[in-house]
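Quick note: the sequence shown uses my numbering, first residue 9, plus one each step.
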Amino acid sequence: DLASPEVSLLVPHFTVEVRRQLGELPGIEPDMIARGGLVVHTTIDMGIQAMAEDIVRQQIAEVGDEYNMHNGALVALNPNTGEVLAMVGSVDYADESIDGAVNNVLSAHQPGSTMKPLTYAAALEQGWTPAGILWDVPTVFDTGVGEYRPVNYDGRFHGPVRLRDALANSYNIPAVLLLNEVGVGNLLELAHRFGINSLGDDPSYYGLSLTLGGGEVTPLEMATAFSVFANGGHAVTPVMITRVEDNDGTLLYEAPENPGEEVLDPRIAFQISDILSDNNARTPAMGSESELLLDFPAAAKTGTTNDFRDNWTIGYTPHVVTAVWAGNTNNEEMAEGTSGLTGAAPIWHDFMTALYGMRGIEDVLAGPDLPPLRAEFAPPDRLEQRPVCVLSALRDPVPAESGCPRQQAEWFRVGGPDPAIEPTAQPSPTPVPTLAPRPEGDDTPQPEGPLPGVRQQIEPGILALAVLPVTEEQQAPLMEVLNQQRDALPGQPPAPLPPRYCTVPQERAADLEALAYQIFIEAPLDPTHALNARNWAIENGVPIEPALACPTDVLEEVVEETPDYADVVGVTYFIEDPQPNWQVYGVWPVRGTVLFNPADVA
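In structure tokens, the structure reads:
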């Protein structure tokens, strides 16, 4: 009897919310509720609910004192129908010491890094791909009211990272860089489209920290938003009341069907799910056996606020989305170092594992056009996999002729609204141009035609460039130019480091009888960010696109020193690095020059 002022102790938080919603339903008058006798059909599954309550309470009891984390909340819903299957608003509704009556599933909290998948989805909508490259290096943003210097959770920089790895490992700096490209307003628009209504419309109120959780949202809203990824791009409305009848059986209300309209390209929904379920990609930050790894395919994202007041884990399969929040209702800080991976993730892991182990769960979660319960996320049409370079395997120098040392497969959208991305046959390495030496004394006029390319794109963000090594004697004029460029930048960017290479201009390619083609990672377009990226890359032996073209004196010096190949006998090596008497271990790049007669090479 919903007219009773007493709250059911079975599902108290859910019952209170159902009572509130009942008074707002069309066709349900206040006097009907006051009289009682209504038959209200809800979505709660008592078996799942009881299991969820036990798991939340057990985890908080085990680590509450150690982490100073005394409350938790969980909501599980079907992403295809919006039906709320379980709602745990706190560990104990009756415990006033933790404000137990507060329903944390419906209370706004800072979401931490669980906002990042929305940022990356917005970027994919704008044409980025999971293979896009971001430079995780020291970065400063001018906010108009001061400088903003994001830092990563581990306090380190990771250099060039693909979107897949940046999102899977929850790196902060790449996420902020990406939001700077996407635009805060566009992220807010996507969040509203996904069902997050707690966030406002003013981008300046949130700024770039929005992607790191610089706003407040409810766990139910976040579960609703992640449902868009889980169901392949459709909006859902959370449902707790499915039907209301009077005591005569007359239907007074019936919930609308879910899911709703398509709000995200299904291919992007799959790409996000594929990243968030990629255990190999997230291993560097999360470990290979983290609480995010289940015995069946599932996507998951953690979140932690900088002040350790909130930690989250939100994860899903095509059949269920579960959002977990852990912290303190009074906003007291948890112990330093408490994270979504250590606080909320064990609750999520144990709940999902127990849920999928329940007898008859197939009947609860099954639906038309859904894959089997433990199936992989299925790619929709107009997606194809292509090999891309593993960036961590690129250590300076990388001869272009040998190609990328390691590759991995990545999903690309083809056709449709991405006209620049078309289906391809099985890709093959981009041929690297070479210059064949002319025989001695051959003055035969050569046919006119395009000069050999000195810049070849192997794949987006990866280049084969014709370069010359820069000696210490040649660095002075180049450093003068680099310092002039640095002085023209706003703020106080760092001093540039001496370059290791310069690029050969296209118009001088024909003057050189031998060009060294090497693989480089494309530098950022923003000049300040490019300076930071080049400094980091030079210090860490990562091949980044050189900043300057070779000056005339360097080119002329090379032309003068180019040997007469007819006089070359055998092969001569000049090793510059590693230096004599060095002791090196493991894989070490060897840098230097090889003198040989190309005519002797088969």
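Glycine included, each C-beta is placed from N, C-alpha and C at the ideal position.
Contact check, V328 vs L373, beta carbons under 8 Å: Taking 8 Å as the Cβ cut-off, V328 and L373 qualify as a contacting pair.
Alpha-carbon to alpha-carbon, Y509 and D282: For D282 and Y509, the distance between alpha carbons rounds to 38 Å.
Extent of the continuous alpha helix (DSSP H) run through H166: Following the DSSP letters along the chain, one finds H166 in no alpha helix (DSSP H), marked with neither H nor E.
Cβ shell of L556 (< 8 Å), same chain only, five flanking positions each side left out: L486, V489, L490, P507, C510 and T511.
Residue range of the alpha helix (DSSP H) that includes N543: P535 to N548 is the extent of the alpha helix (DSSP H) around N543.
Cβ separation of A538 and A531, assumed to be a contact under 8 Å, to the nearest whole Å: About 5 Å; that satisfies the 8 Å criterion.
Beta-carbon proximity list for A401, same chain, < 6 Å, skipping 5 on both sides: Excluding sequence positions up to five before and after A401, its CB lies within less than 6 Å of the CB of P413 and R414, all in the same chain and listed in chain order.
Beta-carbon spacing of Q118, D318 below 8 Å: For the 8 Å CB-CB criterion, Q118 and D318 form a contact.
Given D62 as reference, the closest of A307, D100 and T137 once Cα atoms are compared: The shortest C-alpha separation from D62 is found at D100.
Sub-8 Å separation of T226 and A60 beta-carbons: No, Cβ-Cβ distance for T226 and A60 is not below 8 Å.
Option in D173, N194, L216 and I204 with minimal Cα separation from G154: With respect to the C-alpha of G154, the residue from D173, N194, L216 and I204 having the closest C-alpha is L216.
Given 8 Å, three or more beta-carbon pairs between the segment 263 to 278 and the segment 236 to 244: Three or more Cβ pairs closer than 8 Å define a contact, and the segment 263 to 278 meets that threshold against the segment 236 to 244.
Close Cβ partners of A289 (< 6 Å) along its chain, the five nearest in sequence each way excluded: Beyond the five residues adjoining it in sequence on each side, A289 comes within less than 6 Å, by CB distance, of R172, D173 and A176 in the same chain, given in chain order.
DSSP state of I36 mapped onto helix, strand, coil: Looking at I36 - three-state DSSP - the assignment turns out to be coil, as it is neither helix nor strand.
Per-residue burial, G191 [other beta carbons within 10 Å of its own, 16 or more giving buried]: Burial check for G191: the Cβ neighbour count within 10 Å stays below 16, so the residue is exposed.
Sufficient close CB pairs (3 or more, under 8 Å) joining the segment 383 to 394 to the segment 350 to 365: No, the segment 383 to 394 does not touch the segment 350 to 365.
Status (buried if at least 16 other CB within 10 Å, exposed otherwise) for E91: E91 is buried by the Cβ-count criterion.
Those residues which DSSP pairs with R421 across a bridge: DSSP links R421 through a beta bridge to L391.
Beta-carbon proximity list for E299, same chain, < 6 Å, skipping 5 on both sides: The answer, listed in chain order, is A353, P354 and H357.
CB of L399 within 8 Å of CB of V169, strictly: Yes. Within cutoff.
Alpha-carbon to alpha-carbon, V64 and Q500: So the alpha carbons of these two residues sit roughly 49 Å apart.
Residue nearest to A496 in terms of C-alpha spacing, selected from T536, P211, G221 and P376: Answer by Cα proximity: T536.
Minimum C-alpha distance to V19 - residue among L33, R43, I36 and G55: G55 is the residue among L33, R43, I36 and G55 whose C-alpha sits nearest the C-alpha of V19.
Bridge-paired residues (DSSP) for V225: In DSSP, V225 forms a bridge with H117.
Beta carbon of F22 nearer than 8 Å to that of M95: Taking 8 Å as the Cβ cut-off, F22 and M95 qualify as a contacting pair.
M487, DSSP secondary structure in three states: Three-state DSSP puts M487 in a helix.
Proximity test, S298 beta-carbon vs the ligand PLP heavy atom, cut-off 7 Å: Inclusion of the ligand PLP in the displayed structure is not the case, the ligand content being empty and no account of it being possible.
Whether N76 touches A343 by CB criterion (8 Å): Going by C-beta atoms, N76 is nearer than 8 Å to A343.
8 Å Cβ shell around L30 - same chain, five flanking residues per side excluded: If we look at L30 and ignore the five residues flanking it on each side, its Cβ neighbours are L10, I36, I41, L46, V48, I249 and V252.
Y525 in three-state terms, based on DSSP: It is a strand residue.
Proximal residues to L33 (C-beta, below 6 Å), its chain only, five neighbours per side dropped: Hits under 6 Å: Y261.
Option in P405, D404, P305 and N160 with minimal Cα separation from P380: The option with the nearest alpha carbon to P380 is P305.
Inter-residue spacing [alpha-carbon to alpha-carbon] between L443 and R421: Its pLDDT being 32, under 50, L443 is placed unreliably in this model, and the value from its coordinates should be taken loosely. Cα to Cα, the separation comes out at about 36 Å.
For A433, the three-state DSSP class (helix, strand or coil): Because A433 carries a pLDDT of 39, less than 50, the predicted location of this residue cannot be relied on, and no value is offered for it.
Local conformation of Y161 per DSSP, three classes: It is coil, neither helix nor strand.
Supposed contact pair W333 and G120 - C-beta distance, whole angstroms, cut 8 Å: The Cβ separation is near 10 Å, so there is no contact.
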